[in-house]
Structure formats: C-alpha cells, structure tokens
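Residue numbers (my numbering): 159 to 484.
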Amino acid sequence: MKRMVLTALAALTLAVFSPAAFAQELALGGQIVGIQIQTEGVLVAGTGAVETAEGQFSPAQEAGVRQGDVIVELSGQRITSAGDLIGAVAALDGESGELTVLRGGKPLLLTVKPVRSDEDQWLLGMWLRDGISGIGTVTFCDPATGLYGALGHSISDAESGSMVPMDAGSVTEAEIVSVKPGAAGVPGELNGCADLGKVLGSIEHNTEHGIFGHMNTPGGGRIVETGQIRTGPATILATVDGGGTKEFSVRVSRIYRDSGAEHVMLSVTDPELCARTGGIVQGMSGSPILQDGKLVGAVTHVFLSDPKRGYGISIQDMLDDAGMAA
C-alpha cells in the first residue's frame with residue numbers, strides 16, 4: 159500500500175457538468191480526502207536565469223513566458239508533463255522553437271531559443287509543475303448519482319494564484335497526522351496522510367467554487383436538505399484529528415455578493431475548535447455550513463489577521479458549478 163505525507167492546500171476556466179436533476183437532499187461531507195490532480199499541459203511556476211559559459215540568460219523571460227502560463231505544445235510536440243518539455247527542448251538542439259501556452263485560457267504562440275547550461279543541458283530557464291497534491295474537505299455527495307463537491311474554491315497555483323487547468327484527478331482516503339494552529343498573520347494548517355492505494359472517486363472539474371467529480375461508492379453521511387444561508391448562528395462539519403468528523407459552532411456575520419456569487423463572513427465560536435486549531439485552518443476548506451439542520455454553504459478561506467474568522471460560499475453557488483441547480 160503506497161502512502162504519501164501531504165500538506166494541506168493553501169486556498170487550493172469555469173466548467174459545468176452536463177445537466178443533472180436538482181438534488182433536494184444531499185449527503186453531508188466534512189471528511190478529509192487526499193487530492194491528486196494532473197495539470198492540462200505543464201504549469202510555469204516561475205522563470206529564472208540559466209548559467210552558461212557566456213553568462214546568465216533567461217530564454218523563457220525573453221520570449222515572454224509568464225508565471226502561471228500553461229505550456230501545451232513545443233514545435234508540434236504535445237506537452238503533457240515536465241519530462242515531455244525537457245525532451246522537446248533538448249530536441250531543438252539550440253534552434254528556435256514555437257511554444258504554445260495557455261494564458262487566461264486562451265492559446266498564445268511564443269518563439270523560444272534554448273541555451274546550453276554549464277551542465278551541458280539545453281534549457282529555457284523555467285520552474286515547472288505538472289501535478290498538485292494535498293488534502294481538502296468534502297462538502298456534499300448526491301446519494302443517487304455519486305456526484306460530490308469539495309473545497310468551495312478552486313485549486314490554484316500557490317506562486318501565481320492562477321486556477322490550475324486540470325487534465326485528470328482523483329480523491330483518496332486520508333487521515334490527519336498533525337495540526338498547526340493558526341495565529342494572527344500566520345495561517346494554520348492540517349497536515350494529512352493520503353492513502354494513494356484507496357481511491358474514493360474522480361476529480362472531473364476544477365472551478366471557482368470547488369472541485370467536482372463522482373464517488374466510486376455513493377453513500378454515507380447524514381442526508382439533509384439544502385437551504386438558503388442567512389446571518390446568525392450556524393455549525394460546520396470538519397475533521398481536525400483522528401476522531402472523525404465533528405460539528406462545531408460558528409456565526410455567520412455578513413452575506414454579500416461578489417462576481418455574481420454569494421459569499422459569507424463567519425466567526426468560530428466553538429471553544430473546542432479554537433483550542434485545537436485556533437479557528438479556521440488550511441485543509442478545512444469545503445467544510446459544510448449548516449443552519450436549522452440544512453446544508454447552506456461551505457467554508458472557503460481564513461482571515462490572515464484573525465484565524466477565528468473566515469469566508470464561505472453558498473451551497474447554491476457550488477450546485478451551480480456542479481450543474482445541479484434548479
């Protein structure tokens with residue numbers, strides 16, 4: 159059984175599922191899962207200089223490559239991994255090539271010319287990423303279809319902040335191994351161990367309001383109706399240790415709309431959660447928000463200045479992205 163120790167996603171192209179029947183009742187989440195995704199092409203995490211016999215050069219910067227670009231092709235060769243790009247650059251043998259990148263979801267053609275490094279390699283001067291791993295929290299699952307939603311926000315590149323265009327992905331079983339409590343100016347985090355040999359389901363879409371896919375075995379979790387979020391007392395379901403999912407008290411203090419979505423501000427009022435984590439920490443994104451026994455939203459981010467306060471998204475916006483809205 160293969161296992162990997164992971165650190166919680168930081169604040170891990172809007173896509174829409176084919177139409178599905180609106181689910182009036184959903185199974186509650188709150189459980190931690192491992193998240194593994196492969197990017198569409200190769201993400202440029204940064205650019206830098208290459209040391210050569212003639213000095214320092216940065217072919218990528220000179221060509222106009224930017225952090226957050228996604229490389230999908232070089233001189234006719236499709237790029238699906240960092241290894242593909244390294245091989246394609248070597249094949250140019252110092253000649254210029256046409257690099258196709260996605261920037262803001264739109265293709266852009268750039269001309270690049272590699273330089274030979276001190277270590278006798280043809281390089282462009284880029285740091286690359288072709289996959290992202292971490293942990294997050296499931297918000298809901300439709301017991302009829304297995305369609306689930308998690309995180310409440312997109313998986314984004316930590317350096318550029320850009321939403322990661324994904325090719326494929328999976329969620330796996332995971333458990334919490336330690337907690338770094340949050341403090342003012344220093345976000346806390348859940349550190350988890352994901353069991354890569356126990357795949358729970360697929361990740362099919364990475365959107366602004368969560369990740370979505372299908373669980374291999376639908377079921378589990380308390381079945382509740384969805385509802386409209388309002389200010390006032392609420393609870394969240396979260397997993398913060400090996401004891402499983404628990405319910406903690408919070409208070410919704412404000413509801414506002416931004417970019418067409420309904421967002422909320424909330425405060426943790428539960429003494430037990432404050433004692434264990436300091437409030438909201440990375441890895442709790444996706445924790446369901448409940449009011450009057452109904453699923454009304456999900457936790458998304460923490461206030462950097464105050465870990466006892468954070469943000470959330472309404473369940474209706476998550477269902478919109480899942481193609482499950484009425």
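Even glycine gets a Cβ: it sits at the ideal position worked out from N, Cα and C.
Here the structure is a predicted model, which is why all the values come from computation and not from measurement.
Are the Cβ atoms of residue i and residue j separated by less than 7 Å?
i	j	result
G310	G444	yes
Q454	I387	The sequence shown places Val at residue 454, not Gln. Yes, the Cβ-Cβ distance between V454 and I387 is below 7 Å.
L556	T393	A question about residue 556 goes unanswered here, because the residues of the chain that appear run from 159 up to 484.
S142	G255	The structure shown does not extend to residue 142, since the chain spans only 159 to 484, so no value can be given for it.
G226	S320	yes
L424	V439	no
Let me confirm a value: residue i is counted as buried when at least 16 other C-beta atoms fall within 10 Å, else exposed. Which label applies?
i	result
K466	buried
I229	buried
S312	buried
F180	Note that F180 scores 43 on pLDDT, short of 50, meaning its location in the model is unreliable; the coordinates nonetheless yield the value given after this. Exposed is the call here.
T365	buried
D416	exposed
S472	buried
L462	exposed
T210	exposed
P345	buried
L282	buried
D450	exposed
T269	exposed
I369	buried
D278	exposed
Going by DSSP, which residues form a beta bridge with residue i?
i	result
H372	L305
P391	R409
V200	I229
V259	I229 and L266
A396	K404
P446	A456
L142	The question about residue 142 has no answer, for the chain in this structure spans 159 to 484.
L250	In the DSSP output, where bridge partners are listed per residue, L250 has none listed.
Next on the checklist: Could you tell me which whole beta strand (DSSP E) segments of length 3 or greater appear in the stretch 288 to 324?
Outcome noted: 305 to 308
(message) Check whether the stretch 422 to 442 and the stretch 392 to 411 are in contact - that is, three or more C-beta pairs closer than 8 Å.
(response) yes
* Would you call the stretch 290 to 307 and the stretch 272 to 280 in contact, with 3 or more CB pairs under 8 Å? -> no
message: Any contact between the stretch 366 to 375 and the stretch 200 to 212? By contact I mean 3 or more CB pairs, one from each, below 8 Å.
response: no
Closer than 8 Å is the cut-off here; do at least three beta carbon pairs connect the stretch 210 to 219 with the stretch 293 to 305?
no
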